[in-house]
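Visitor: Following this message is one structure expressed as structure tokens.
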Amino acid sequence: MNPLALLKSRFQPSLAALVPDQARVGELLEMIRPAQDAKFGDYQANFAMPLKKDLGQPPQEIARKILAATDLGDVCQPPEVAGPGFINLRLRDDWLTDKLNQAVHDDRLGIPPAMAPRTFVIDYSSPNVAKPMHVGHIRSTVIGDALCRTLRFLGHRVISDNHLGDWGTQFGMIIYGYKHFVDRAAYQAAPVAELSRLYKLVHQLVDFHESHRAMPQVQERFARRAAELDQLQSQLRTGGKAVDKKLSQSLTKLGQQLHEDREELAALQAKTAAIAADTQLAALAAKHPNIDQAVLAETAKLHADDPENLRLWHEFLPNCRDEIARVYRRLDVRFDYEHGESFYHDRLAAVVEDLRNKGLAQDSQGAVCVFVDGFETPMIVQKKDGAFLYSTTDLATIQYRMETWRPDAILYVVDHRQSEHFDKLFAVARRWGHANVELQHIKFGTVMGSDGKPYKTREGVAAGLESLLDEAVARAAQVVAENDPEATLSESERRDVAEVVGVGGLKFADLLHNRTSDYEFSYEKMLLKSGYSATYAQYTYARCASIFRKAGVERDVLLASAARIGLTHPAERALGLQLIRLSEALAETSADYMPNHLTAYLFDLAKSYSTFFESCPVLKAETEDLRASRLLLCDLTARTIRLGLELLGIKVVAKM
RNA sequence: GCACCCAUAGCUCAAUUGGAUAGAGCAUCGGUCUUCGGAACCGAAGGUUGCAGGUUCGAGUCCUGCUGGGUGUACCA
165 MNPLALLKSR FQPSLAALVP DQARVGELLE MIRPAQDAKF GDYQANFAMP LKKDLGQPPQ
225 EIARKILAAT DLGDVCQPPE VAGPGFINLR LRDDWLTDKL NQAVHDDRLG IPPAMAPRTF
285 VIDYSSPNVA KPMHVGHIRS TVIGDALCRT LRFLGHRVIS DNHLGDWGTQ FGMIIYGYKH
345 FVDRAAYQAA PVAELSRLYK LVHQLVDFHE SHRAMPQVQE RFARRAAELD QLQSQLRTGG
405 KAVDKKLSQS LTKLGQQLHE DREELAALQA KTAAIAADTQ LAALAAKHPN IDQAVLAETA
465 KLHADDPENL RLWHEFLPNC RDEIARVYRR LDVRFDYEHG ESFYHDRLAA VVEDLRNKGL
525 AQDSQGAVCV FVDGFETPMI VQKKDGAFLY STTDLATIQY RMETWRPDAI LYVVDHRQSE
585 HFDKLFAVAR RWGHANVELQ HIKFGTVMGS DGKPYKTREG VAAGLESLLD EAVARAAQVV
645 AENDPEATLS ESERRDVAEV VGVGGLKFAD LLHNRTSDYE FSYEKMLLKS GYSATYAQYT
705 YARCASIFRK AGVERDVLLA SAARIGLTHP AERALGLQLI RLSEALAETS ADYMPNHLTA
765 YLFDLAKSYS TFFESCPVLK AETEDLRASR LLLCDLTART IRLGLELLGI KVVAKM
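First residue of the first sequence? That's 165 in this note's numbering, and the numbers climb one at a time after it.
Take a look at the structure:
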């Protein structure tokens, strides 16, 4: 039951009768919302104030008039008009009790499946299969998975599709590495490890030469800017006191740029020096001076169906996929499809051809481009050397998805830096004929370190996803051990708990932030025992489970009995209200594709339970009825938390 | 240069998309308890929402300007 939706439906006819412009009714109904403060009741309706102009009456009077025409008696206590015209609504306890008793006897906890199910394709995670997954893949994977689970639970048809990077330059690197550096014995014994070593080795060598080549340019730029700065400073001296604002601005800017150049130079030097210091690597680098071009050539041969490279690609790919599959298993993330870039390879030429035929694409500076109003640069769909780009693949992907699944919406869970690409992609796709589909870029911010820069390891590389998981679980294991000095849990139970708490903590810490913001990565915060964390919610679940163990009551027996939830204490009512609001949290989460609404809900629920737990004895309740009622509240709380966490991809344990 | 995003308590973040006195967590300080799981609970303190204007019944949210940060920007993904 969604109380908010019910209230809206009750106000709908009375508002429609009063407001001349029917188009505004929906927007006015949106102004009914949960009360900002509990002292204003449970819900508040704010539509009377904006109607002042339309109706030429005082808002308080409008509010009273609407209330008189609205049938609320069975749901709410008599409403109050307050302040400038707010309508304060408080649910009747008997109504609330009724809904709670329905929910506790329902497997779906009172949430009906969507009346108008939609078909969603959700594109998320999408790593390069040749590289180990790193911290940058957390958000896409975790947010995408949570959205899939939530929309699916709400009754929608959801197709999850992992758009793997399995056709790019990374494979050129592996192929080149295999042809020149493979250790056959190592490859036989452990292909994934050997391929990974080859990828890293080739990447290092390419990097070395590129850095080496870039250095003079950076040095030159540095010198130019230094000279410019000199000139400006002398201008400043001769110009006397009249310091132009523009001049001083460009001074500071130049100073910053010089600083950046210096840092970049230092980084390049460090990189090349590290390789030069390693005699083996230095020898290899000297032996392969044009490795970067050679890698591109191998990639091009692969795309041109060169039999040898294609054979190697077919041989390597399953190994690479096994590697990332391991991470997904640990994260408990599954995909319906994993159609990588290679899947669309043979559709690309036809896409460009079709764009041309429809007059959307044209030649420009040797490339094939689609120019779109409102964008400074065109979308390039074919390079002048004939190669296709990821724009081309993305268009082919939209076409394929539309043909195959006819979705109502396609969601791309991709970081915000690609906003412009998606704006352009969607604009082209619509003109291309895919106008009747909701195309959404579900953008998210960057995971930062405590230095305010993108999160890196101590060595300065993007932190590997598996090592992050290992660290989170290791820290969780330490907490588990500290909290179980009497060793009531077995070794294997402890390991399981640590995994659930560690991985859950990592996911929850990501999901609790508004996805559009950057956030600071912190093991301490993600494993907080109290506070806004997965652990706190999981602990609440374990406490509920513990009460049932101690009571010796089977949940099924209790539910089959005549026991009913009743609300006698303010803490019970607060908990009951929170329980009934699950549907609102799910509606918010799915409306704007923001899982942080659900994490906030679960935290509030856990908090309400703790307060209830503190002030309302369950097993020692004064009467049998009260005891049964409170046990039912515990059960509903436990199941609500379990469901909510499950929709976020997070597990619970009965003992921790 | 142009475009987009951000700036909220000491720190990390919210704010139901324009609603009442801007909320949480952490840290700090104080309190509760012969523990139905203390991985707990209750309370206090903490704010000119970067600055200056504007729009209206009402602005953290919308508009203009400024300051300070970030990101993207014709053939990488």
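All C-beta atoms in this analysis are idealised placements derived from N, C-alpha and C, irrespective of residue type, glycine included.
#1: Determine the closest residue to K417 out of Q176, L393, H761, with distance taken between C-alpha atoms.
#2: Could you tell me which residues DSSP puts in a beta bridge with D287?
#3: Taking DSSP as the reference, what is the three-state secondary structure of N678?
#4: On the DSSP letters alone, give me the boundaries of the alpha helix (DSSP H) that L795 sits inside.
#5: First and last residue of the beta strand (DSSP E) that includes L179?
#6: Going by the DSSP bridge assignment, what does E684 pair with across the sheet?
#7: Around the Cβ of D510, are there at least 16 other Cβ atoms within 10 angstroms (buried) or fewer (exposed)?
#8: Skipping 5 residues on each side, what residues in its chain have a beta carbon closer than 6 Å to that of V268?
#9: What are the boundary residues of the alpha helix (DSSP H) that includes I251?
#10: Hey, how far is the Cα of L811 from the Cα of G220?
#11: Using 8 Å as the cut-off, can you tell me whether the region 801-809 makes contact with the region 765-778, which would need three or more C-beta pairs spanning the two stretches below that distance?
#12: Looking only at its chain, what residues have a beta carbon closer than 7 Å to the beta carbon of L315, apart from the 5 residues adjacent to it on each side?
#13: Short of 6 Å in beta carbon distance, which residues of its chain neighbour H327, apart from the five on each side in sequence? Order them along the chain.
#14: For a minimum of 4 consecutive residues, which ranges assigned as the alpha helix (DSSP H) are wholly contained in the region 708-775?
#15: For S555, which beta-bridge partners are listed by DSSP?
#16: Go ahead and label P167 buried or exposed: buried means 16 or more other beta carbons lie within 10 angstroms of its beta carbon, across all protein chains shown.
#17: Contact between the region 540-558 and the region 248-261: three or more CB pairs below 8 Å?
#18: Assign L474 to one of three DSSP states: helix, strand, or coil.
#19: Assign V816 to one of three DSSP states: helix, strand, or coil.
#20: Relative to the alpha-carbon of R228, which residue among P296, R713, V491, S178 has its alpha-carbon at the smallest distance?
#21: What do you reckon, are the CB atoms on M758 and D682 nearer than 9 Å?
#22: Taking the Cβ atom as the reference point for each residue, do I455 and V346 lie within a distance shorter than 9 Å?
#23: Which same chain residues, not among the five before or five after R313, have their C-beta less than 8 Å away from its C-beta?
#24: On the three-state DSSP scale, how would you describe C484?
#25: Evaluate contact between the region 628-645 and the region 702-716, counting only Cβ atoms and requiring at least three cross-stretch pairs below 8 Å.
#26: So, L481 versus N473, is the Cβ gap smaller than 9 Å?
#27: Beta carbon of V299, beta carbon of L495: below 9 Å?
#28: For D789 and R622, what's the separation of their Cα atoms in angstroms?
#29: Would L369 and L448 be called neighbours here (beta carbons separated by less than 9 Å)?
#30: Helix, strand or coil for C312? Go by DSSP, reduced to three states.
#31: Under 9 Å, do L559 and R639 count as touching if we go by C-beta distance?
#32: Counting Cβ pairs, one atom from each stretch, are 3 or more of them under 8 Å apart for the region 696-716 and the region 654-674?
#33: Please state whether DSSP places F454 in a helix, a strand or coil.
#34: What residue from P214, L743, M279 has the CA that sits closest to G249's CA?
#35: Does K405 come out as helix, strand or coil in the three-state DSSP assignment?
#36: Can you give the Cα-Cα distance for F767 and E663, rounded to whole angstroms?
Guide: Straight from the coordinates:
#1: L393
#2: D325, Y576
#3: coil
#4: 788-811
#5: Where L179 is concerned, there is no enclosing beta strand (DSSP E), although the alpha helix (DSSP H) it sits in stretches over 167-182.
#6: M612
#7: exposed
#8: L796, L800
#9: I251 -> not in any alpha helix (DSSP H); beta strand (DSSP E) instead, spanning 250-253.
#10: 47 Å
#11: yes
#12: F284, V322, S754
#13: D287, S290
#14: 719-724, 734-744, 746-755
#15: None, per the DSSP bridge assignment.
#16: buried
#17: no
#18: helix
#19: coil
#20: S178
#21: no
#22: no
#23: E810, L811, L812, G813
#24: helix
#25: no
#26: no
#27: no
#28: 59 Å
#29: yes
#30: helix
#31: no
#32: yes
#33: Here the sequence assigns Asn to residue 454, which means Phe is not the residue at that position. Looking at N454 - three-state DSSP - the assignment turns out to be coil, as it is neither helix nor strand.
#34: P214
#35: In this prediction, K405 has a pLDDT of 46, which is less than 50 and means its spatial position is unreliable; nothing more can be read from the coordinates.
#36: 21 Å
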